[in-house]
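Counting the sequence shown from 1 gives a position; my numbering is that position plus 73. Written below as C-alpha cells is the structure these notes are about.
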Amino acid sequence: MHEINPTVSVIIPTYNRAPLIGRAIQSVLDQTYQDFELIVVDDGSKDDTEDIVTKINDARIIYVRHERNKGAHAARNTGIAMARGEYIAFQDSDDVWLPEKLERQIQAFKIATENVGVVYTGFWRIEGDKKTYIPSPKLQRLEGDIHNELLRDNFVGTPVAVIKRECFAKAGVFDEGLPCLEDWELFIRISKYYPFKCINEPLLISYFTSESVNSCLEASISARLYILEKHYDELKKDKRDLAHHYFSIGNLLCLYGDFSRGKALLRKTVRNDPLRFKYLGAFFASLLGKGIYRSAPALYQRIHN
C-alpha cells in the first residue's frame, strides 16, 4: 500500500534558535487543520536545535540538517525539494501561527478560482513595545492581480503564505543570491503568473528582534539594489514606482551608508517623479551635506515608519 501524501508541507528553516524553535513547531502542531508534514531544515546550527527538534514525538516531523550555514533561502529551497504536499507553507523559527491559520487558508483555496496560486493572511509584527498590523490599510489592492503592488512594496511574508506547489515549477524557488528580502522577490515572480487571495485578519505573530536578518541595514540595502536591478525592465514602465525604489534605497544610503551614492539615487528619484514634495525635499537636503540630511528629523522618522 502506497503512503498517502499530506495535503500541506510546512517548512521551517532555523539557525541557532534553540530557545525559540520549540514554540514555532508547537504552533504548527496545534493547528486545527492537521493534514500536513513538517520539515525542519537546520541550517548548520551549533546549539541544541537538533536535540530539541528530534525529541518532539510526532511522526509528521522531518528533520534535515545542512552541515554548513547556507542561509534561510537555501534552507527553504531544501525543504521545497523534499516536500510532498500539494501546498507549501512556511514558518519562521521565531514566529507563532494562530491555531486556525492553516485551516482558514486551505478553505480559502477550496472556494477560490482554480488559478489562485497563493493565499496569505494578515499578521502582527511585534518589535519591543511596538505592535504593527500588516498589510497596511493604505494598500489599495490586496488580492487578485497584485503584481504591480508587489513590485512597489513588500507586504507578503513567507510565514503568512500558503503556496500551490506548482507555483515553484512556474516561477522558480528562492533566489539564493539575495542577503535578505528573498520572500519579496519570490512573490514578485509568482505574482506574474498567479492571482493571490488575502485573508485580511491577523493569523500570525511575528517577533522582530535585533537578530533578525532584515534588521541588518547593509543587507537590506544590498537586497533592494539587487531587486531593483533584477526587475528593472518592469519597474521602468512606471516612473513613479521606479522613483519609489530609488528614494527607498537612496534615503537609506544617505542616512546610514554611502552618502554620495545615496545622493545620486535621490537625484534619479527626482528625475523620475519631479513633482512629489517628499522627494524634492530629500534631494535638496542632500545638497546641503551629510550632517544636515542626517539631522533632519522628518526624514529620519519617515525611514523608521
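Built from N, CA and C at the ideal position, the CB exists for glycine as well.
Start and end residues, beta strand (DSSP E) containing residue i
i: residue 181; result: Per DSSP, residue 181 belongs to no beta strand (DSSP E); it is in the alpha helix (DSSP H), 174-184.
i: residue 84; result: 81-87
i: residue 198; result: 191-200
i: residue 114; result: 109-115
i: residue 133; result: Residue 133 -> no beta strand (DSSP E), and no H or E assigned at all.
i: residue 162; result: 160-163
i: residue 277; result: 269-280
For residue j and residue i, the rounded distance between their alpha carbons
i: residue 203; j: residue 365; result: 28 Å
i: residue 93; j: residue 263; result: 30 Å
i: residue 224; j: residue 308; result: 7 Å
i: residue 252; j: residue 148; result: 13 Å
i: residue 286; j: residue 254; result: Any reading at residue 286 is ruled out, since the residue's pLDDT is 48, under 50, leaving its predicted position unreliable.
i: residue 183; j: residue 158; result: 15 Å
i: residue 381; j: residue 220; result: As shown, the chain starts at 74 and ends at 378. That puts residue 381 outside it, with no answer to give.
i: residue 266; j: residue 290; result: 31 Å
i: residue 329; j: residue 130; result: 47 Å
i: residue 324; j: residue 79; result: 46 Å
i: residue 144; j: residue 164; result: 15 Å
i: residue 168; j: residue 118; result: 18 Å
i: residue 218; j: residue 120; result: 43 Å
i: residue 318; j: residue 249; result: 21 Å
i: residue 358; j: residue 139; result: 47 Å
i: residue 278; j: residue 101; result: 13 Å
i: residue 196; j: residue 275; result: 4 Å
i: residue 142; j: residue 304; result: 28 Å
i: residue 137; j: residue 238; result: 20 Å
i: residue 352; j: residue 123; result: 49 Å
Residue i: first and last residue of the uninterrupted alpha helix (DSSP H) it sits in
i: residue 329; result: 312-329
i: residue 242; result: 239-244
i: residue 300; result: 290-303
i: residue 125; result: 122-127
i: residue 101; result: 91-102
Closest Cα partner of residue i within the set the options
i: residue 125; options: 145, 149, 99; result: 99
i: residue 82; options: 113, 105, 96; result: 113
i: residue 316; options: 328, 291, 346; result: 346
i: residue 170; options: 348, 238, 97; result: 97
i: residue 77; options: 90, 294, 133, 237; result: 133
i: residue 198; options: 185, 214, 233, 211; result: 233
i: residue 242; options: 153, 330, 166, 329; result: 153
i: residue 107; options: 172, 168, 367, 84; result: 172
i: residue 160; options: 302, 327, 180; result: 180
i: residue 155; options: 246, 142, 216; result: 246
i: residue 104; options: 137, 166, 142, 175; result: 175
i: residue 321; options: 310, 186, 338; result: 338
i: residue 313; options: 341, 292, 216, 336; result: 341
i: residue 109; options: 84, 95, 123; result: 84
Minimum Cβ-Cβ distance from residue i to chain C less than 8 Å
i: residue 320; result: Any reference to chain C falls outside this structure, which holds one protein chain only.
Residue i, buried or exposed, once every other Cβ within 10 Å from all chains shown has been counted against 16
i: residue 74; result: Note that residue 74 scores 40 on pLDDT, short of 50, meaning its location in the model is unreliable; the coordinates nonetheless yield the value given after this. Classification of residue 74: exposed, given that the 10 Å Cβ count is below 16.
i: residue 208; result: buried
i: residue 86; result: buried
i: residue 235; result: buried
i: residue 90; result: buried
i: residue 166; result: buried
i: residue 127; result: exposed
i: residue 297; result: buried
Do the region 222-237 and the region 185-200 meet, that is, are 3 or more Cβ pairs less than 8 Å apart? These segments touch.
The region 251-263 in contact with the region 343-360 per 3-pair CB rule at 8 Å: Inter-segment contact for the region 251-263 and the region 343-360 is absent: fewer than three beta-carbon pairs are separated by less than 8 Å.
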